[in-house]
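Same order as they appear, the protein sequences are chains E and A. 3 is the number of the first residue of the first sequence in our numbering; add one for each residue after it. 3 is the number of the first residue of the second sequence in our numbering; add one for each residue after it.
Number of protein chains: 2
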Amino acid sequence: MYRIEHREAVDAYIQFHRLERVLPDRLRSHAAVYVFAQGENICVQGEPASTLYVLVKGKIKVFHNSPEGKTLVLSFRTPLEVIGDLEYIGGDAIHNYVEAVTEASMIGISYRALRESGEDHAPLLRFLLEMMVKKLNYRTNHSSLNLMYPVEARFSNYLLSVCCDETDARFRGRLPVANVQDTANLLGTSYRHLNRVIRKLCDEGLIERNKSYIQVLEPERLKRLAGSLGKEG
Amino acid sequence: MYRIEHREAVDAYIQFHRLERVLPDRLRSHAAVYVFAQGENICVQGEPASTLYVLVKGKIKVFHNSPEGKTLVLSFRTPLEVIGDLEYIGGDAIHNYVEAVTEASMIGISYRALRESGEDHAPLLRFLLEMMVKKLNYRTNHSSLNLMYPVEARFSNYLLSVCCDETDARFRGRLPVANVQDTANLLGTSYRHLNRVIRKLCDEGLIERNKSYIQVLEPERLKRLAGSLGKEG
DNA sequence: GGCGGGAAAGGACATATGTCCCGAAAATTA
DNA sequence: TAATTTTCGGGACATATGTCCTTTCCCGCC
Numbered sequence: 003m004y005r006i007e008h009r010e011a012v013d014a015y016i017q018f019h020r021l022e023r024v025l026p027d028r029l030r031s032h033a034a035v036y037v038f039a040q041g042e043n044i045c046v047q048g049e050p051a052s053t054l055y056v057l058v059k060g061k062i063k064v065f066h067n068s069p070e071g072k073t074l075v076l077s078f079r080t081p082l083e084v085i086g087d088l089e090y091i092g093g094d095a096i097h098n099y100v101e102a103v104t105e106a107s108m109i110g111i112s113y114r115a116l117r118e119s120g121e122d123h124a125p126l127l128r129f130l131l132e133m134m135v136k137k138l139n140y141r142t143n144h145s146s147l148n149l150m151y152p153v154e155a156r157f158s159n160y161l162l163s164v165c166c167d168e169t170d171a172r173f174r175g176r177l178p179v180a181n182v183q184d185t186a187n188l189l190g191t192s193y194r195h196l197n198r199v200i201r202k203l204c205d206e207g208l209i210e211r212n213k214s215y216i217q218v219l220e221p222e223r224l225k226r227l228a229g230s231l232g233k234e235g
Numbered sequence: 003m004y005r006i007e008h009r010e011a012v013d014a015y016i017q018f019h020r021l022e023r024v025l026p027d028r029l030r031s032h033a034a035v036y037v038f039a040q041g042e043n044i045c046v047q048g049e050p051a052s053t054l055y056v057l058v059k060g061k062i063k064v065f066h067n068s069p070e071g072k073t074l075v076l077s078f079r080t081p082l083e084v085i086g087d088l089e090y091i092g093g094d095a096i097h098n099y100v101e102a103v104t105e106a107s108m109i110g111i112s113y114r115a116l117r118e119s120g121e122d123h124a125p126l127l128r129f130l131l132e133m134m135v136k137k138l139n140y141r142t143n144h145s146s147l148n149l150m151y152p153v154e155a156r157f158s159n160y161l162l163s164v165c166c167d168e169t170d171a172r173f174r175g176r177l178p179v180a181n182v183q184d185t186a187n188l189l190g191t192s193y194r195h196l197n198r199v200i201r202k203l204c205d206e207g208l209i210e211r212n213k214s215y216i217q218v219l220e221p222e223r224l225k226r227l228a229g230s231l232g233k234e235g
């Protein structure tokens with residue numbers, strides 16, 4: 003990770019995401035752009051929290067390790083997203099691990115600066131509220147899906163969302179095999195079981211598995227399997 | 003439901019819960035106390051939302067009906083709790099049903115009044131943030147438990163929390179049988195399966211089932227079953 | 001090309017949970 | 001009280017998923 007202290011860097015992202023009112027001058031002077039390399043840790047679960055981050059570029063993964071050592075992926079997130087808000091408001095230690103999936107840029111402001119210069123700044127508070135609503139809706143949705151649908155449906159749904167949302171055309175309809183373990187954790191199941199489901203879908207000809215990736219063959223039939231599941235938040 | 007418009011009624015609850023700064027005069031003049039009878043609907047999923055409620059007395063149940071018609075109890079809540087905050091911020095229709103479990107009193111303020119008189123009131127925004135953090139933590143915790151532990155453990159945990167938290171001594175250690183369906187929904191399982199688990203615990207002598215309630219016999223052994231689950235949020 | 005060694009896939013079995021349905025018990029009505 | 005309706009508990013079976021362990025496969029190294 004490296005920090006870009008230049009005011010221009012911060013301002014560029016702020017303008018791009020229309021955060022001028024949310025982060026006024028007196029806050030921006032305490033902000034910096036933090037650039038995390040692919041795979042780098044952004045937050046470590048259990049450590050004290052000190053910085054509020056706004057994800058402005060790249061893709062990150064949020065996951066939680068239970069006391070028993072199981073890993074549960076909570077979400078993959080792209081801009082605009084706030085990290086460290088719960089801990090800022092609640093005053094707790096960091097709840098989850100956060101890791102950069104691609105190179106990721108975040109605007110970071112220390113809690114101390116926030117408390118000194120932003121505690122009463124309504125646009126910032128409203129922004130935090132809006133982002134938190136988004137987060138809560140996403141989590142609620144995600145967890146009720148986990149409860150209501152079998153892995154087969156959830157995986158189909160996930161595959162389709164990767165297929166359709168992915169902007170990089172080269173990955174269109176493909177899931178790199180390296181991510182299967184992650185996907186299992188995201189779906190809240192075991193690697194073994196996801197594998198079983200993948201094989202079944204292969205046998206039925208809906209997808210194809212290769213050394214390096216999984217390819218969607220029949221999006222329509224997959225959609226039927228995914229059933230009435232909504233799209234990923 | 004009936005409304006108490008008297009300013010004194012609102013003020014009494016506000017003082018009791020130390021909300022003087024959160025709800026300043028210009029907001030209080032738009033507030034009223036809404037009293038809901040036991041079993042009455044407070045919110046109806048899908049309808050347009052118009053009022054922000056603060057639960058100040060009594061106990062409410064929040065639950066969601068999926069498109070397939072399954073009911074999932076999200077939580078039972080006691081003061082202090084905010085209802086309608088997501089919808090206020092997000093501008094959506096009502097997400098969940100809310101029902102009074104006991105007679106319940108809520109301070110209600112219309113969104114319109116909030117927007118006109120409270121949109122920039124930092125203490126209110128901070129209050130909403132704090133309550134939403136609580137909500138998010140609760141939901142996250144609850145749903146990861148659902149994912150990680152079998153019904154047997156979750157039910158043991160729930161029984162113990164009912165047993166220990168219940169202030170009414172007459173119900174100490176008992177769960178009215180009438181609530182078994184609700185409990186199943188809260189635990190995210192079917193009535194049938196919860197029944198099976200109850201029977202198993204009965205056979206093992208941990209609990210006793212009666213026409214009208216379920217009684218904890220061996221809290222210590224139940225605790226072991228509940229394993230490492232934390233307490234209910 | 002043959003040989004560890006580690007990662008990925010798959011087999012076998014146990015458990016958890018859902019669904020369908022029936023029969024007993026309770027409540028309601030005639 | 002008897003008949004009918006409703007509720008509740010539980011049997012039988014199917015499915016979903018976890019765990020453990022074996023088998024394959026790939027890869028670097030000799």
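We put the CB at the ideal spot given by N, CA and C, even for glycine.
Kindly list, in the order they appear in chain A, the residues whose Cβ is closer than 9 Å to that of residue i.
{"i": "E/GLU118", "result": "Near E/GLU118 there are no residues of chain A at all, since even the closest Cβ is about 14 Å away, more than 9 Å."}
Whose C-alpha, out of the options, is nearest the C-alpha of residue i?
{"i": "E/TYR151", "options": "A/LEU177, A/TYR151, A/GLU70", "result": "A/GLU70"}
{"i": "A/GLY190", "options": "A/ARG176, A/CYS204, A/HIS144, A/LYS202", "result": "A/HIS144"}
{"i": "A/ALA95", "options": "A/GLY41, A/VAL35, A/GLY48, A/GLU132", "result": "A/GLY48"}
{"i": "A/VAL58", "options": "A/THR104, A/ILE91, A/HIS66", "result": "A/THR104"}
{"i": "A/VAL12", "options": "A/VAL35, A/HIS66, A/ASN181", "result": "A/VAL35"}
{"i": "E/GLY86", "options": "E/ILE44, E/GLN40, E/SER68", "result": "E/ILE44"}
{"i": "A/ASN139", "options": "E/GLU89, E/VAL179, E/LEU219, E/ALA51", "result": "E/GLU89"}
{"i": "A/ARG226", "options": "A/ASN159, A/ARG211, A/GLU210", "result": "A/ASN159"}
{"i": "A/ARG5", "options": "A/LEU188, A/LEU149, A/PRO50, A/ALA106", "result": "A/ALA106"}
{"i": "A/ASN212", "options": "A/ASN67, A/ARG201, A/GLY93", "result": "A/ARG201"}
{"i": "A/LEU161", "options": "A/GLY207, A/LEU224, A/PHE65", "result": "A/LEU224"}
{"i": "E/VAL75", "options": "E/SER214, E/PRO221, E/SER192", "result": "E/SER192"}
{"i": "E/TYR15", "options": "E/ASP27, E/GLU154, E/MET108, E/LEU208", "result": "E/MET108"}
{"i": "E/GLU222", "options": "E/THR185, E/CYS165, E/ARG9, E/MET3", "result": "E/CYS165"}
I want to verify the contact list: residues of chain A whose CB lies under 7 Å from the CB of residue i, in sequence order.
{"i": "E/ARG28", "result": "Residues of chain A passing the Cβ test: none, with the nearest at roughly 15 Å."}
{"i": "E/VAL135", "result": "LEU88, ILE91, GLY92"}
{"i": "E/ALA51", "result": "Near E/ALA51 there are no residues of chain A at all, since even the closest Cβ is about 13 Å away, more than 7 Å."}
Below 9 Å on C-beta distance, what does residue i contact in chain E?
{"i": "A/MET150", "result": "SER68, GLU70, LYS72, LEU74, GLY190"}
{"i": "A/ARG141", "result": "LEU138, ARG141, THR142, SER145"}
{"i": "A/GLU83", "result": "Per Cβ cutoff of 9 Å: no residues; A/GLU83 is ~14 Å from chain E at best."}
The beta strand (DSSP E) spanning residue i covers which residue range?
{"i": "A/ALA102", "result": "99-102"}
{"i": "A/SER112", "result": "106-112"}
{"i": "E/ARG23", "result": "E/ARG23 -> no beta strand (DSSP E), and no H or E assigned at all."}
{"i": "E/LEU57", "result": "53-59"}
{"i": "A/GLU70", "result": "That residue, A/GLU70, is in no beta strand (DSSP E); it is neither H nor E in DSSP."}
{"i": "A/ASN43", "result": "43-45"}
Give the range of the alpha helix (DSSP H) segment to which residue i is assigned.
{"i": "A/GLU132", "result": "124-150"}
{"i": "E/VAL1", "result": "Chain E is shown only over 3 to 235; residue 1 of chain E falls outside these bounds and no answer can be derived."}
{"i": "A/LEU29", "result": "27-30"}
{"i": "A/HIS8", "result": "Where A/HIS8 is concerned, there is no enclosing alpha helix (DSSP H), given that its DSSP letter is neither H nor E."}
Give a yes or no on whether the C-beta atoms belonging to residue i and residue j are separated by under 8 Å.
{"i": "A/LEU116", "j": "A/HIS19", "result": "no"}
{"i": "E/ARG176", "j": "E/ILE216", "result": "yes"}
{"i": "A/SER112", "j": "A/HIS32", "result": "yes"}
{"i": "E/GLY60", "j": "E/ALA102", "result": "yes"}
{"i": "E/THR142", "j": "A/ARG141", "result": "yes"}
{"i": "E/VAL199", "j": "E/PHE129", "result": "no"}
{"i": "E/GLU132", "j": "A/ILE91", "result": "yes"}
{"i": "E/ASN148", "j": "A/LEU29", "result": "no"}
{"i": "E/ARG79", "j": "E/VAL56", "result": "no"}
{"i": "E/LEU54", "j": "E/VAL84", "result": "yes"}
{"i": "E/MET134", "j": "A/MET134", "result": "yes"}
Give the interface partners of residue i over in chain A, defined as CB-CB distance under 8 Å, in chain order.
{"i": "E/ASP122", "result": "ALA124"}
Contact defined as beta carbons within less than 8 Å: I believe residue i pairs with residue j. What is the distance between those atoms, to the nearest angstrom?
{"i": "E/VAL182", "j": "E/LEU203", "result": "So it is not a contact: roughly 13 Å between Cβ atoms."}
{"i": "E/VAL46", "j": "E/TYR99", "result": "6 Å"}
{"i": "A/PRO178", "j": "A/SER214", "result": "7 Å"}
Would you mind telling me which residues of chain E sit closer than 7 Å to residue i, beta carbon to beta carbon, in chain order?
{"i": "A/ARG128", "result": "LEU127"}
{"i": "A/GLU132", "result": "ILE91"}
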